[in-house]
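Asks: Structure incoming, see below.
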Amino acid sequence: MSFSVLIRCFLFLLYAWFGWLMLQIMLQYIPWNSDAAFLGIKQDALKRPWYEPIFVVHVFSSILLLPLGFFQFSSEIRKRFPGFHRMAGRMYVLVTLIFVAPSGFFMGLVANGGWTAQLAFCLLAIFWFWTTWNGWLAARRKQWITHRNWMIRSYALMLSAITLRAWKVILVYLFHPHPMDVYRMVAWLGWVLNWIVAEGILLQLARSDKKKSGHSKLL
C-alpha cells in the first residue's frame, strides 16, 4: 500500500470520526428538549420566538453536509459516477443556501461572546452563502475550474463546524482561558484559518493546471 493511499485512509477515518462526533451532538436534541446541551446556555436567546425554530433547522440540516460534501472532491467518483456527483452537489448547495447558511446568520446575531463573536459568525454565514452561490453559478455556466475553486472555499467554511470545536479543545488544553474568551477566539479561528488553507490549496491547483495546460500545448 502506497504512502498516499495510507494518507487518504487516515484522512477518511479522521473525517468519519469527526462526523460521528457531530452526529452525537445532534442526537443530544432527540427527543427535543430546549434545555439540552448548548441550549442550556442560550436561555436568553430562546426568549426570542424565532431562535428555537432556526436552531432546529440549523442543527438538523447541517449534519447532512458532512457526507454530501466529502465525496465531491474525489476525481474517481466524478468520473465513474457523474450522476451521483451532480445529485450530491445540488443537495449540498440547496441545504447550504436555503437552510444552513441563513439560519447560521440569524443564530450569529445572538451568539455568545459579544459583538466580536457575533460578527465572526455572521461573516462566516455570509461568506459561506457567497462562495456556495458562486460555485453553483459557475457549474451552471460549465466553468468547471471556477466551480471547483468556489466549492473548495465553500467546503472549507463548512468544515468550521469541526475546526471550531477542535480549536476549542486545543486552546482549553494549552492555555485554560476564560470560557467566553475561548468562544471569541474560536469564532474566528474556526473559519478564517480554513479559508487561508483553502487559498493555499487553490494556489497549488493553479500551478498544476498551468503545467498541464503548458504540457498539452506542447503536444
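Sequential numbering of the sequence shown, starting at 99, is according to my numbering. Glycine included, each C-beta is placed from N, C-alpha and C at the ideal position. All values derive from a computational prediction rather than experimental measurement.
What are the start and end residues of each continuous alpha helix (DSSP H) run of 4 or more residues lying completely inside the stretch 126 to 202, in chain order?
Replies: The stretch 126 to 202 contains these whole alpha helix (DSSP H) runs: 141 to 144, 149 to 160, 163 to 168, 173 to 178, 180 to 192.
Asks: Can you give me the Cβ contacts of Ala-296 inside the same chain, cut-off strictly under 7 Å, excluding the 5 residues immediately before and after it?
Replies: Excluding residues within five positions, the ones whose Cβ falls inside 7 Å are Ile-250, Arg-251, Ala-254.
Asks: Does DSSP put Gln-122 in a helix, in a strand, or in coil?
Replies: The answer is helix: DSSP assigns Gln-122 an H, G or I state.
Asks: Would you kindly work out how many angstroms separate the C-alpha atoms of Phe-108 and Leu-262, rounded to a whole number?
Replies: The straight-line gap from Cα to Cα measures roughly 21 Å.
Asks: Please determine, among Ser-258, Phe-136, Leu-195, the residue with the shortest C-alpha to C-alpha distance to Gly-288.
Replies: Here the closest residue by C-alpha is Ser-258.
Asks: Can you list, in chain order, the stretches of the alpha helix (DSSP H) that have 4 or more residues and sit fully within the stretch 208 to 239?
Replies: Within the stretch 208 to 239, the complete alpha helix (DSSP H) runs of at least 4 residues are 212 to 238.
Asks: According to the Cβ coordinates, are Trp-286 and Ala-199 closer than 7 Å?
Replies: Not in contact: Trp-286 and Ala-199 (Cβ atoms no closer than 7 Å).
Asks: Please report how far the alpha carbon of His-274 lies from the alpha carbon of Val-193, in whole angstroms.
Replies: Roughly 36 Å between the two C-alpha positions.
Asks: The alpha helix (DSSP H) with His-245 in it runs from where to where?
Replies: Where His-245 is concerned, the enclosing alpha helix (DSSP H) stretches over 242 to 256.
Asks: Am I right that Leu-164 and Gly-117 are in contact with their C-beta atoms under 8 Å? What's the rounded C-beta distance?
Replies: 5 Å between Cβ atoms; contact.
Asks: What does the alpha-carbon distance come out to for the pair Leu-104 and Trp-130?
Replies: Near 40 Å, if we compare the C-alpha coordinates of Trp-130 and Leu-104.
Asks: Could you round the C-beta distance between Gly-202 and Ala-236 to whole angstroms and report it? I think they count as a contact, below 8 Å.
Replies: No, Gly-202 and Ala-236 are not in contact; Cβ-Cβ is about 23 Å, not under 8 Å.
Asks: Is the beta carbon of Ala-143 less than 7 Å from the beta carbon of Leu-166?
Replies: Contact: no.
Asks: Spatial neighbours of Met-189 within its chain, please: C-beta separation below 8 Å, excluding the five flanking residues on both sides.
Replies: Taken in chain order, the residues that qualify are Leu-162, Leu-166.
Asks: Can you list, in chain order, the residues of its chain with a C-beta nearer than 6 Å to that of Thr-214? Leave out the 5 residues immediately preceding and following it.
Replies: For Thr-214, where only same-chain residues beyond five positions count, the Cβ hits under 6 Å are Arg-282.
Asks: With a threshold of 6 Å on Cβ separation, who are the neighbours of Ala-209 within its own chain once the five nearest residues in sequence on each side are excluded?
Replies: Excluding positions up to five away in sequence, the list reads Ala-215, Gln-216, Phe-219.
Asks: Find the nearest neighbour of Ile-243 within the set Phe-227, Met-278, Phe-171, His-276, judged by alpha-carbon distance.
Replies: The residue with the shortest Cα to Cα distance from Ile-243 is Phe-171.
Asks: Should Ser-173 go down as buried or exposed, given a rule of 16 or more other Cβ atoms within 10 Å for buried?
Replies: Exposed, since its Cβ has fewer than 16 Cβ neighbours within 10 Å.
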